[in-house]
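Q: Those letters in the sequence shown? Residues 150 to 370, per my numbering, in order.
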Amino acid sequence: MFEYRAVNKKYAQEVLTQLRNKETSQVEFRKGLVRLGRVLGLEIVEDFETEEKLVETPLGTIYKGIRIKDFEKVCIVTVLRAAWPLTEGLVKIFYSAKQGVIAARRAEEKGMHNREFDIEVNYVKVPKMNGDEILIISDVMVATGSTLIAALKELLKRGRAKKYYIASVISTPVAIEKLGKFAAEANIDLKLFTIAVDPELNDKGYIVPGLGDAGDRAFGT
Ligand code: URA
150 MFEYRAVNKK
160 YAQEVLTQLR
170 NKETSQVEFR
180 KGLVRLGRVL
190 GLEIVEDFET
200 EEKLVETPLG
210 TIYKGIRIKD
220 FEKVCIVTVL
230 RAAWPLTEGL
240 VKIFYSAKQG
250 VIAARRAEEK
260 GMHNREFDIE
270 VNYVKVPKMN
280 GDEILIISDV
290 MVATGSTLIA
300 ALKELLKRGR
310 AKKYYIASVI
320 STPVAIEKLG
330 KFAAEANIDL
340 KLFTIAVDPE
350 LNDKGYIVPG
360 LGDAGDRAFG
370 T
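1) Going by Cα to Cα distance, which pick from 332, 321 and 326 is closest to residue 357?
2) Going along the chain, which residues put their C-beta within less than 5 Å of some heavy atom in the ligand URA?
3) Can you check the region 304–354 for any alpha helix (DSSP H) of at least 4 residues that lies completely inside it and give the ranges in chain order?
4) Taking the CB atoms as reference points, tell me whether residue 223 and residue 251 lie closer together than 7 Å.
5) Quick check on DSSP: helix, strand or coil for residue 189?
6) Could you give the uninterrupted runs of the alpha helix (DSSP H) lying entirely in the region 240–299, keeping only those of 4 residues or more?
7) DSSP on residue 226, reduced to helix/strand/coil?
8) Are residue 204 and residue 190 closer than 7 Å when you measure CB to CB?
9) Got a sec, what are the start and stop residues for the alpha helix (DSSP H) residue 218 sits in?
10) Could you tell me which residues DSSP puts in a beta bridge with residue 151?
11) Please indicate yes or no: does the CB of residue 231 lie closer than 6 Å to some heavy atom of the ligand ZN?
12) Can you tell me whether DSSP reads residue 176 as helix, strand or coil?
13) Looking only at its own chain, which residues have a Cβ that is under 7 Å from the Cβ of residue 221, when we skip the five neighbours before and after it?
14) Have a look at residue 289 and residue 211 and give me their C-alpha separation to the nearest angstrom.
15) Does the distance from the C-beta atom of residue 310 to that of residue 278 stay below 7 Å?
16) Check residue 237 in the structure and name its three-state DSSP category.
17) Within 10 angstroms of its Cβ, does residue 281 collect 16 or more other Cβ (buried), or is it exposed?
18) Quick one: measure Cβ to Cβ for residue 283 and residue 219, integer angstroms, because I've assumed they're closer than 8 Å.
19) Which same chain residues, not among the five before or five after residue 258, have their C-beta less than 7 Å away from its C-beta?
20) According to DSSP, simplified to helix, strand and coil, what is residue 302?
21) So, are the CB atoms of residue 182 and residue 235 less than 7 Å apart?
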């Protein structure tokens, strides 16, 4: 099963506009990613089921509240490096999450063929999956979808989660289509949450209008 949701909230769109602005400094860019991580976390949590929870207040009254189911089963996997600040924001919401990291890069020297790059996954460190975890993959720019699919394949080699979410800032229609096909083939429940869907990729694989190289802009390289 695959679904995607674009978060068209005013706050998210205002922060995204700051990120798109080429005049935005490195520090403000990084802070913007943290803010969007919180927004995405709050949107993703809306997708979780809840159950009734009774608590006694200091005034001696019983309050009928809620508990978010599976909240403690969340594991956030950061696709290095640009998603690091995005994860910082996600962790503010999913404060009890386990965490993992994946390092992947485009094998640039081979060039882009049919909107595809060869992807080298060179580091994976993730908690073991037992089938009941909620895995959130944090990846700022979902351009071709190839990096995410390579990451998902690596994760699936290490066990299955109950549900998979992708938290991203900008995605493209090409990537959304590819992720949908992959979710069906791999038989996983996958939902992509993104702040925007941009129409195109240029011949270097950058999203247009996009926001440039998110890693370089966040880390000042
Ligand atoms: N990665 C980026 O940082 N920017 C893009 O536009 C595409 C991939």
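For each residue, glycine too, the CB sits at the ideal point set by N, CA and C.
As the structure is a prediction and not an experimental result, all values here were calculated from the model.
A: In brief:
1) As a position in the sequence shown, residue 357 is number 208, starting the count at 1. Across the set 332, 321 and 326, the C-alpha of 321 shows the shortest separation from the C-alpha of residue 357.
2) Chain order is used for the residues whose beta-carbon lies nearer than 5 Å to a heavy atom of the ligand URA, namely 290, 292, 355, 356, 359, 362 and 363.
3) Taking only runs of at least 4 residues, the alpha helix (DSSP H) segments lying wholly in the region 304–354 are 322–335.
4) Taking the first residue of the sequence shown as position 1, residue 223 is located at position 74. Taking the first residue of the sequence shown as position 1, residue 251 is located at position 102. No; because the gap between Cβ atoms is not below 7 Å, this pair is not in contact.
5) For this step, residue 189 is matched to residue 40 along the sequence shown. Secondary structure at residue 189: helix, using DSSP grouped into helix, strand and coil.
6) At a cut-off of 4 residues, not a single continuous stretch assigned as alpha helix (DSSP H) sits fully inside the region 240–299.
7) In the sequence shown, residue 226 corresponds to position 77, counting from 1. It is a strand residue.
8) Reading the sequence shown from its first residue, position 55 is the one you call residue 204. Reading the sequence shown from its first residue, position 41 is the one you call residue 190. Taking 7 Å as the Cβ cut-off, residue 204 and residue 190 do not qualify as a contacting pair.
9) By 1-based counting over the sequence shown, the position of residue 218 is 69. In the DSSP assignment, residue 218 falls outside any alpha helix (DSSP H), carrying neither H nor E.
10) Here residue 151 corresponds to residue number 2 of the sequence shown, with the count starting at 1. In DSSP, residue 151 forms a bridge with 339.
11) Looking at this structure, you won't find the ligand ZN anywhere; what it does contain is the ligand URA.
12) Position 27 of the sequence shown, counted from the first residue, corresponds to residue 176. Reduced to three states, the DSSP call for residue 176 is helix.
13) As a working note, residue 221 is residue 72 in the sequence shown. A distance below 7 Å between beta-carbons, with the five flanking residues on each side excluded, links residue 221 to the following residues of its chain, in chain order: 245.
14) For the purposes of this step, residue 289 is taken as the residue at position 140 of the sequence shown. For the purposes of this step, residue 211 is taken as the residue at position 62 of the sequence shown. Looking at the two C-alpha atoms, the distance is approximately 43 Å.
15) Here residue 310 refers to the residue found at position 161 when the sequence shown is read from its first residue. Here residue 278 refers to the residue found at position 129 when the sequence shown is read from its first residue. Going by beta carbons, residue 310 and residue 278 fall inside the 7 Å limit.
16) Along the sequence shown, read from residue 1 onward, the residue named residue 237 stands at position 88. The answer is helix: DSSP assigns residue 237 an H, G or I state.
17) Translated into positions along the sequence shown, residue 281 becomes position 132. Exposed: under 16 other Cβ atoms inside 10 Å.
18) Locating residue 283 in the sequence shown gives position 134, counting from the first residue. Locating residue 219 in the sequence shown gives position 70, counting from the first residue. Confirmed, about 5 Å.
19) Your numbering for residue 258 matches position 109 in the sequence shown. Because the pLDDT at residue 258 is just 46, under 50, the model does not fix this residue reliably, and the value given afterwards should be weighed accordingly. Taken in chain order, the list of residues that qualify is empty.
20) Reading the sequence shown from its first residue, position 153 is the one you call residue 302. Residue 302 falls in the helix class under three-state DSSP.
21) As a first step, residue 182 is located in the sequence shown; it is residue number 33 there, counting from the start. As a first step, residue 235 is located in the sequence shown; it is residue number 86 there, counting from the start. One thing to note: residue 182 has its Cβ within 7 Å of the Cβ of residue 235.
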